[in-house]
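**Q** Chains A and B, in that order, are what the protein sequence lines are. Number 777 in this note's numbering belongs to position 109 of the first sequence; there are no gaps in the numbering. Number 113 in this note's numbering belongs to position 23 of the second sequence; there are no gaps in the numbering. Have a look at this one.
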Amino acid sequence: NAGVTQTPKFRILKIGQSMTLQCTQDMNHNYMYWYRQDPGMGLKLIYYSVGAGITDKGEVPNGYNVSRSTTEDFPLRLELAAPSQTSVYFCASSYRRESSYNSPLHFGNGTRLTVT
Amino acid sequence: KNEVEQSPQNLTAQEGEFITINCSYSVGISALHWLQQHPGGGIVSLFMLSSGKKKHGRLIATINIQEKHSSLHITASHPRDSAVYICAAIPIPQGGSEKLVFGKGTKLTVNP
């Protein structure tokens, strides 16, 4: 199994450009999450989804959009990129809402985004 | 102020040493995760605890919910243990993984 796959690994955007970060999981997990990790800070939740067709805002949703048309895919859309969105982005998934020893969080390898 | 505090922020050890990383939190929680972030950036889930102690190989995690404190111990440390270790808590009222509050991480370097 591939687990959680994120693409691209690196990207440089100019201010005002848009892009989509792709996230796919092959574990049939219902729950998927997008986090951003800024230097010296803890991971912050951007958006999450509890199943296909259902998404909800996390702690820092402004400037982002998501969709969940299938169980496998959870893309993150950046519209009108700003320097404040320079960060490392992680997608994650879990089988159950309450992660447990038998249902841990699975993370992708991250996308390093720079907006200049 | 982050609700989840980790100490130390940075830790350098010699191979073979016993390592302790601490995590404290200011709110009531239902469970806590320990994660490992490799130098290449990937994050792996190590433990999820709601009480007591869990052990996996050379890694031991403990938690005292009442004292709002958790520790991650590494016995016989090895250079391959070099990574950032992150604790993440699920605050009460009951929530799921969408409610995780992350610490800033402890960067561990184990020298040969």
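By construction, the Cβ of each residue, glycine as well, lies at the ideal position given by its N, Cα and C atoms. Quantities reported herein were computed from a predicted structural model and do not represent experimental measurements.
Using a Cβ-Cβ distance under 8 Å, would proline 772 of chain A count as near chain B?
**A** Yes, proline 772 of chain A counts as interfacial toward chain B.
**Q** Residues of the segment 184–196 of chain B in Cβ contact with chain A at a cutoff of 9 Å, in chain order, please.
**A** Answer set for the segment 184–196 of chain B: Gln184, Gly185, Gly186, Ser187, Glu188, Lys189, Leu190, Val191, Phe192, Gly193, Lys194 and Gly195.
**Q** Starting from the beta carbon of valine 94 of chain B, find every residue of chain A whose beta carbon is closer than 9 Å, and list them in chain order.
**A** Near valine 94 of chain B (Cβ distances below 9 Å), the residues of chain A are Gly710.
**Q** Return the residue from the list A:Lys712, A:Met695, A:Gln690 and A:Gln753 that minimises the CA-CA distance to valine 734 of chain A.
**A** The shortest Cα separation from valine 734 of chain A among A:Lys712, A:Met695, A:Gln690 and A:Gln753 belongs to A:Gln690.
**Q** Using 8 Å as the limit for Cβ to Cβ distance, is isoleucine 133 of chain B near chain A?
**A** So, interface residue.
**Q** For my contact list, serine 771 of chain A and tyrosine 763 of chain A are in at a C-beta cut-off of 8 Å; report their separation, rounded to the angstrom.
**A** Confirmed, about 4 Å.
**Q** So which of B:Glu93, B:Ser116 and B:Val134 has the shortest CA-CA distance to alanine 173 of chain B?
**A** Residue B:Val134 is the option with its Cα nearest to alanine 173 of chain B.
**Q** Suppose you measure from the CA of glycine 185 of chain B to the CA of glutamate 766 of chain A; what does that come to, to the nearest Å?
**A** Computed Cα separation, rounded: 7 Å.
**Q** Would you decide whether lysine 194 of chain B is buried or exposed? Buried here means 16 or more other CB atoms lie within 10 Å of its CB.
**A** The residue is buried, with at least 16 neighbouring Cβ atoms inside 10 Å.
**Q** Could you please tell me which residues of the segment 741–758 of chain A, in chain order, have their CB closer than 9 Å to any CB of chain B?
**A** The residues in question are Val756 and Phe758.
**Q** Contact criterion: CB-CB distance below 8 Å. Does tyrosine 716 of chain A meet it with respect to chain B?
**A** Yes - at least one Cβ of chain B is within 8 Å of the one on tyrosine 716 of chain A.
**Q** If we ignore side chains and look at the alpha-carbon of each, how far apart do asparagine 698 of chain A and threonine 739 of chain A end up?
**A** Computed Cα separation, rounded: 6 Å.
**Q** Using beta carbons (cut-off 8 Å, strictly below), is histidine 123 of chain B in contact with chain A?
**A** Histidine 123 of chain B counts as touching chain A.
**Q** Check whether the segment 103–113 of chain B touches the segment 141–161 of chain B, taking contact to mean three or more Cβ pairs, one atom from each stretch, closer than 8 Å.
**A** Cβ pair count under 8 Å is three or more, so yes.
**Q** Can you tell me the Cα-Cα spacing of leucine 198 of chain B and isoleucine 153 of chain B, whole angstroms?
**A** Straight-line Cα distance between these residues: approximately 20 Å.
**Q** Thinking asparagine 777 of chain A and glutamine 705 of chain A are a contact (beta carbons under 8 Å), I'd like their distance in whole angstroms, please.
**A** Incorrect: roughly 12 Å between the Cβ atoms, too far for contact.
**Q** By DSSP, does aspartate 706 of chain A sit in helix, in strand, or in coil?
**A** Correct three-state label for aspartate 706 of chain A: coil.
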